[in-house]
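Undergrad: Protein chains in written order, with the working numbering: chain A, 1427 to 2252; chain B, 36 to 463.
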């Protein structure tokens, strides 16, 4: 006998559990071996079969799942039937759907149905399917036949109609609708149910009459079909059972649209569907659609299509993006929306203008428009285009420019990523709770010199979480299934105790807890009250990013800490305190000491260190610390980066100016150093270095990579290879490059432009004098393939001696022909 | 913050998906579509480059082999499977890959995503399979095993004639494409050859997915501990004989392993003389190290399967394993294999304290450990030999096996050097 697997769905209260349990009982009575699976947090499905409440499965798939599961499968009071209940959390907590999924995955992983020789599995699922968890029996390897239990009531049929649609969604798993089981009061109801079945293209498997034996049997906790075998209900149930077992897949049913369902109830004919526009299934088709609309696609930006619209008097740039929340200037069309590109001069254009622009595309879906950028063969382009804009889509969204290679796919990969301090300060009275699972715990790119997302070169990847202020709550299955309240309270308490009275706790709910939408707010309020801390609730693991409110909260915390520190330490006894500063080497600090500048030693305590000096020196502005220092009356400075002779001079000048002192001789280059610089510059003149950048990034290039100035000063020729990001953008790029070279001062500068990868490859291969190409990507294969040597900011040392050493290193690299000899042309 | 760390410690363990990444990394034409936000991809940095210099998991041109669908937790879309289906379809038909896997972040699994169904619905192109989304319950070793199982399930479902004396190894932890693993596999192939057997393939062994089909005609499937599920599935599908073993490590251990495989393949009699000679020759080399090693105490930190292998080698070298920190969930170990101090997934601070609490004559002088154990101070004052995943301060640009006879000799040499370095350090 082949194994039957039947799932009963239906609106809540319609009698679904009665039908399902009687179905199981009849199968068992006929000699079958049945596993009846209750998928309802009410846990009443197996009541009639077991004659009692059975304990629900409380576990998850994973190690030892089979042993645990077996402990929850209970023999029924009815012959041949075993029962298991998925159970669920207390009302309002956890995720019942996840519990059903967990039970079924465990059943599948353990292979219980096969191992224990069940001939049938019957699933009784909570009335209204509200999330994917409740559809778990329709996943592969479970139910094949679906029976929808309904009455002739309008809302019950409405629910049945939606369940027909759901069944169709899972047809790929071999799931099919066997038909309807109708609980009804009278012939009129049966007629309506039959009409509905005909309308959606299915059949009525059985009509179950009202029968007083049913409530009586339920009161006694036995299946009605066995309790009163001669009753009309038992007869109908037996017929239904035969019909379900005999059912075979037929033509797939089709759910009614809401409008058609309304028409059906009103006794009207279905509304004819509007004729759909011809689909565009090819790149050529999409290109033709754009052409007709007078739009020229120019690229993808964070999942959005960017195109130029040629109109009289010029070109306007349009963005087409998947439909999202309505916003000013955004015109919703089909499953996409359009707006004027932020960079466009026509940003003031109104929605009518946009409407005109995209009118020719109105019949097409976003996926069809994307065909222009390649069909399935361009997998990475497709993945890049699927990314929702602004949602970690890539790292280019940082206002300071990208910090590391992006994690998005198929996008043009940059060579230059600004480095240095991220301006993030975590004071000791701030405790950060990341409310997330084991995957979240490792969600930060930890880099290292050989890593791809390398954000730091001076250390190796660490075991998360590395910062002592940050901890993971370890959200797991238990919390997902039964509720997270206990864990949230324990985490907040631990964090609050660590932060101490007056401290700040930041509690970040990551995706799992966000989905479950637990009530963290009340737990946070309790923690504030009990421990005298402030608690900020945030979403995602974003403690490294500032919002205005978060920065303000941290600033307020640190201002108070600084005030305490000042009270404790009194007047500053040092001139300078360096905070989060990586450029201070022996040479620079030696020059400061020689000039009589007293530098506060680190390790005296966070706040004590900051208030110990007249001036705090930072490597980058910190949106929280800087306002705190201001509020506490502590002077701070972000001096220019001390790279190259010029940069080092500017660095000393800024520091001494802030201290109100004249730049002393020890802070100026010695004549021997100047002489060496000139000698090295004479040698460097034979070589040039390439910098590959986007046209929109030229302007900020000298700030993003301070070594640019240093290399010009050291006598190397600079060759700027500019990616033209938009058509017609060359003129602006030429202007920006000229401005950049002007700022860099004297030197040999050249610029070349490219639009495609192939053009870039050509530019990288020539001229021979361009021995070096800057890239922040480790062993950048594009550079190596061109036979050039990659270099990055990590090569450069601060200070005058550092500048000389950097020049020597660069010259050695120029003379080093390993790439040319062995790797070029690969 | 110390109290906070005591209550919510940093634990010495690795997440499920990292294991999935390791499996995908080991198959150069496999692709993983990860349903979820791409913050999860940051984990690839623990592997690509940092651990495996030759990894192609991430690409400077954005042609990554692990990609994210960017589906977030909120708002739940009309049909969240649409985006996933489009991604899988595009990956399968791209012509770039031999196999595509799909796995989801826990929150999407909680939302009821049907990954198995979505994978099966893809038609055309290369096979697509789902790796169960079990991040909330299982660890990196499970993730690795389950990813291998998913890949094995994508092999053509056909029973091919068995090639006599042909052996497929399933469940090898090919965590990087460097000289250590390449040399291990070369050594195993060489030794199996001397044992009268032919190595059909190693799953995974750094070769494209298409080459996995060679396993279909293997007479014996040797199930290595990192891929028990995959091996069992493959053997059930092909009808091959299934042999569960540990790693072929140590001198006697390697011989016993080879003999077990021979027996499973139907060969009778003792190991051929050539292998006996190999074992004796290796023992001669190893014996040079014994005077410096024997009697010392060893700490192991890493995965439990490698622990058993290293513990066997240690016994052979006269070392005693007094402490073991295992970076996985608790797993049963063979009777008698537990060290005096043995902790699974320990909080790092607690492990360091427990190590310091060992008696004077139990404190290990040497350690075989992964990088995280070293960096987190789990090795105490012992002299470390870095082995296992992750290994960030030991890369292998040339053959450096640690399995088979050659691996025993090499590992004994490394331990000897570590012991001598420790003595030199003391003198200094």
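Where is the CB? At the ideal position from N, CA and C, for every residue including glycine. None of the values given here were measured: they were computed from a predicted structure.
Threshold first: 3 residues or longer. Then list the beta strand (DSSP E) segments lying entirely within the segment 267 to 315 of chain B, N to C.
TA: 276 to 279
Undergrad: From the DSSP output, which residues share a beta bridge with residue 1966 of chain A?
TA: On the first chain, residue 1966 of chain A is found 540 positions in, with the first residue counted as 1. In DSSP, residue 1966 of chain A forms no bridge with anything.
Undergrad: For my contact list, residue 1855 of chain A and residue 1930 of chain A are in at a C-beta cut-off of 8 angstroms; report their separation, rounded to the angstrom.
TA: For the purposes of this step, residue 1855 of chain A is identified with residue 429 of the first chain, where counting begins at 1. For the purposes of this step, residue 1930 of chain A is identified with residue 504 of the first chain, where counting begins at 1. Right, the Cβ-Cβ distance comes to about 7 angstroms (below 8 angstroms), so this counts as a contact.
Undergrad: Are residue 1600 of chain A and residue 1673 of chain A close, meaning C-beta to C-beta below 8 angstroms?
TA: One-based indexing of the first chain puts residue 1600 of chain A at position 174. One-based indexing of the first chain puts residue 1673 of chain A at position 247. Not a contact, by the Cβ cut-off of 8 angstroms.
Undergrad: Give the C-beta separation of residue 1628 of chain A and residue 1575 of chain A to the nearest angstrom, bearing in mind that I take them to be a contact with Cβ-Cβ under 8 angstroms.
TA: As a working mapping, residue 1628 of chain A is identified with position 202 in the first chain. As a working mapping, residue 1575 of chain A is identified with position 149 in the first chain. Going by Cβ atoms, the distance from residue 1628 of chain A to residue 1575 of chain A rounds to 13 angstroms, so no, they are not a contact pair.
Undergrad: What does residue 1899 of chain A touch in chain B if you count any residue whose Cβ is under 8 angstroms from its own?
TA: Indexing the first chain from 1 puts residue 1899 of chain A at position 473. What residue 1899 of chain A touches in chain B: 43.
Undergrad: Over what stretch of residues does the alpha helix (DSSP H) that includes residue 2207 of chain A continue unbroken?
TA: Along the first chain, read from residue 1 onward, the residue named residue 2207 of chain A stands at position 781. Residues 2207 to 2211.
Undergrad: Output yes if chain B places a C-beta closer than 8 angstroms to the C-beta of residue 2149 of chain A; else output no.
TA: As a position in the first chain, residue 2149 of chain A is number 723, starting the count at 1. At a cut-off of 8 angstroms between beta carbons, residue 2149 of chain A makes no contact with chain B.
Undergrad: Under the rule that 16 or more other beta-carbon atoms within 10 Å means buried, what is residue 2248 of chain A, buried or exposed?
TA: As a working mapping, residue 2248 of chain A is identified with position 822 in the first chain. Exposed is the call here.
Undergrad: So residue 43 of chain B and residue 1900 of chain A are in contact, right, with Cβ under 8 angstroms, and what is the actual spacing, rounded?
TA: Residue numbering aside, residue 43 of chain B sits at position 8 when the second chain is read from its first letter. Residue numbering aside, residue 1900 of chain A sits at position 474 when the first chain is read from its first letter. With a Cβ gap of about 7 angstroms, residue 43 of chain B and residue 1900 of chain A count as contacting.
Undergrad: Given a cut-off of 8 angstroms, decide if residue 165 of chain B and residue 205 of chain B are closer than it, judged by their beta-carbon atoms.
TA: As a first step, residue 205 of chain B is located in the second chain; it is residue number 170 there, counting from the start. As a first step, residue 165 of chain B is located in the second chain; it is residue number 130 there, counting from the start. Their beta carbons are not under 8 angstroms apart, which means residue 205 of chain B does not touch residue 165 of chain B by this criterion.
Undergrad: Shortest alpha-carbon distance to residue 255 of chain B belongs to which of B:440, B:200, B:182, B:401?
TA: Residue numbering aside, residue 255 of chain B sits at position 220 when the second chain is read from its first letter. Comparing Cα-Cα distances from residue 255 of chain B to each of B:440, B:200, B:182, B:401, the minimum goes to B:200.
Undergrad: By how many angstroms is the C-alpha of residue 1464 of chain A removed from the C-alpha of residue 1519 of chain A?
TA: Residue mapping note: residue 1519 of chain A aligns to position 93 of the first chain, counting from 1. Residue mapping note: residue 1464 of chain A aligns to position 38 of the first chain, counting from 1. Distance between the alpha carbons of residue 1519 of chain A and residue 1464 of chain A is about 19 angstroms.
Undergrad: Using a beta-carbon distance below 8 angstroms, is residue 1906 of chain A in contact with chain B?
TA: Here the question's residue 1906 of chain A lines up with position 480 in the first chain. It does: the Cβ of residue 1906 of chain A has a partner Cβ on chain B nearer than 8 angstroms.
Undergrad: So, helix, strand or coil for residue 1525 of chain A, using DSSP?
TA: Here the question's residue 1525 of chain A lines up with position 99 in the first chain. The answer is helix: DSSP assigns residue 1525 of chain A an H, G or I state.
Undergrad: Report yes or no: is there a C-beta of chain A within less than 8 angstroms of the C-beta of residue 131 of chain B?
TA: Residue 131 of chain B sits at position 96 when you count from the first residue of the second chain. It does; some Cβ of chain A falls within 8 angstroms.
Undergrad: Could you give the distance in angstroms between the alpha-carbon of residue 1581 of chain A and the alpha-carbon of residue 1695 of chain A?
TA: One-based indexing of the first chain puts residue 1581 of chain A at position 155. One-based indexing of the first chain puts residue 1695 of chain A at position 269. One C-alpha to the other measures close to 20 angstroms.
Undergrad: For residue 1452 of chain A, collect the residues of the same chain with a Cβ closer than 7 angstroms to its Cβ; drop the 5 residues on either side in sequence, then sort them by chain order.
TA: Mapped onto the first chain, residue 1452 of chain A falls at position 26. 1651, 1663, 1664, 1667, listed in sequence order.
Undergrad: Would residue 377 of chain B and residue 415 of chain B qualify as a contact pair, given that the criterion is a beta-carbon distance under 8 angstroms?
TA: In the second chain, residue 377 of chain B corresponds to position 342, counting from 1. In the second chain, residue 415 of chain B corresponds to position 380, counting from 1. Going by C-beta atoms, residue 377 of chain B is not nearer than 8 angstroms to residue 415 of chain B.
Undergrad: Whose C-beta lies closer than 7 angstroms to the C-beta of residue 88 of chain B among residues of the same chain, with five residues either side of it excluded?
TA: As a first step, residue 88 of chain B is located in the second chain; it is residue number 53 there, counting from the start. Same-chain partners within the cutoff: 213, 430.
Undergrad: Apart from the five residues on each side of it in sequence, which residues of its chain come closer than 6 angstroms, Cβ to Cβ, to residue 285 of chain B?
TA: In the second chain, the residue the question calls residue 285 of chain B occupies position 250. Hits under 6 angstroms: 347, 348, 351, 443.
Undergrad: What residue does the alpha helix (DSSP H) around residue 1442 of chain A start on, and which one ends it?
TA: Looking up residue 1442 of chain A in the first chain gives position 16. 1442 to 1455 is the extent of the alpha helix (DSSP H) around residue 1442 of chain A.
Undergrad: Contact between the segment 1935 to 1954 of chain A and the segment 1969 to 1976 of chain A is defined here as three or more beta-carbon pairs at a separation below 8 angstroms; is this criterion met?
TA: no
Undergrad: When Cβ atoms are compared, which residues of the segment 401 to 415 of chain B fall closer than 8 angstroms to chain A?
TA: 406, 407, 410, 411
Undergrad: With a cut-off of 8 angstroms, does the C-beta of residue 338 of chain B fall near any C-beta of chain A?
TA: Position 303 of the second chain holds residue 338 of chain B. With 8 angstroms as the cut-off, residue 338 of chain B does not count as an interface residue toward chain A.
Undergrad: Report yes if the CB atom of residue 321 of chain B is closer than 8 angstroms to the CB atom of residue 447 of chain B, and no otherwise.
TA: Taking the second chain and counting its residues from 1, the one referred to as residue 321 of chain B is at position 286. Taking the second chain and counting its residues from 1, the one referred to as residue 447 of chain B is at position 412. By the CB criterion at 8 angstroms, residue 321 of chain B and residue 447 of chain B fall inside the cutoff.
Undergrad: Does the distance from the CB of residue 2139 of chain A to the CB of residue 2072 of chain A come in under 8 angstroms?
TA: Here residue 2139 of chain A refers to the residue found at position 713 when the first chain is read from its first residue. Here residue 2072 of chain A refers to the residue found at position 646 when the first chain is read from its first residue. Their beta carbons are under 8 angstroms apart, which means residue 2139 of chain A touches residue 2072 of chain A by this criterion.
Undergrad: Looking only at its own chain, which residues have a Cβ that is under 6 angstroms from the Cβ of residue 1669 of chain A, when we skip the five neighbours before and after it?
TA: Your numbering for residue 1669 of chain A matches position 243 in the first chain. Only 1631, 1632 meet the Cβ criterion.
Undergrad: Checking 8 angstroms against the spacing of the C-beta atoms, do residue 1511 of chain A and residue 1471 of chain A come in under that value?
TA: On the first chain, residue 1511 of chain A is found 85 positions in, with the first residue counted as 1. On the first chain, residue 1471 of chain A is found 45 positions in, with the first residue counted as 1. Yes, they are a contact pair.
Undergrad: Answer with buried or exposed for residue 47 of chain B, where buried requires no fewer than 16 other C-beta atoms within 10 angstroms of its C-beta.
TA: In the second chain, counting from the first residue as 1, residue 47 of chain B sits at position 12. It counts as buried.
Undergrad: In chain B, which residues lie less than 7 angstroms from residue 1521 of chain A when you measure between Cβ atoms?
TA: Position 95 of the first chain holds residue 1521 of chain A. Within chain B, the residues near residue 1521 of chain A are 145.
Undergrad: Could you give the C-beta distance for residue 168 of chain B and residue 139 of chain B, rounded to a whole number, given that I count them as a contact under 8 angstroms?
TA: Here residue 168 of chain B is taken as the residue at index 133 of the second chain, counted from 1. Here residue 139 of chain B is taken as the residue at index 104 of the second chain, counted from 1. Confirmed, about 4 angstroms.
Undergrad: So what's residue 50 of chain B in DSSP terms, helix, strand or just coil?
TA: In the second chain, the residue the question calls residue 50 of chain B occupies position 15. Of the three classes helix, strand and coil, the one that applies to residue 50 of chain B here is strand, per DSSP.
Undergrad: From what residue to what residue does the beta strand (DSSP E) around residue 1758 of chain A run?
TA: On the first chain, residue 1758 of chain A is found 332 positions in, with the first residue counted as 1. Taken as a continuous stretch (DSSP letters only), the beta strand (DSSP E) holding residue 1758 of chain A covers 1757 to 1759.
Undergrad: Excluding the 5 residues preceding and the 5 following residue 1756 of chain A in the sequence, name in chain order all residues of the same chain whose CB lies nearer than 6 angstroms to its CB.
TA: In the first chain, residue 1756 of chain A corresponds to position 330, counting from 1. The residues are 1763, 1765.
Undergrad: Cβ closer than 7 angstroms: which chain B residues qualify as neighbours of residue 1557 of chain A?
TA: Position 131 of the first chain, counted from the start, is the residue given in the question as residue 1557 of chain A. 146, 147, listed in chain order.
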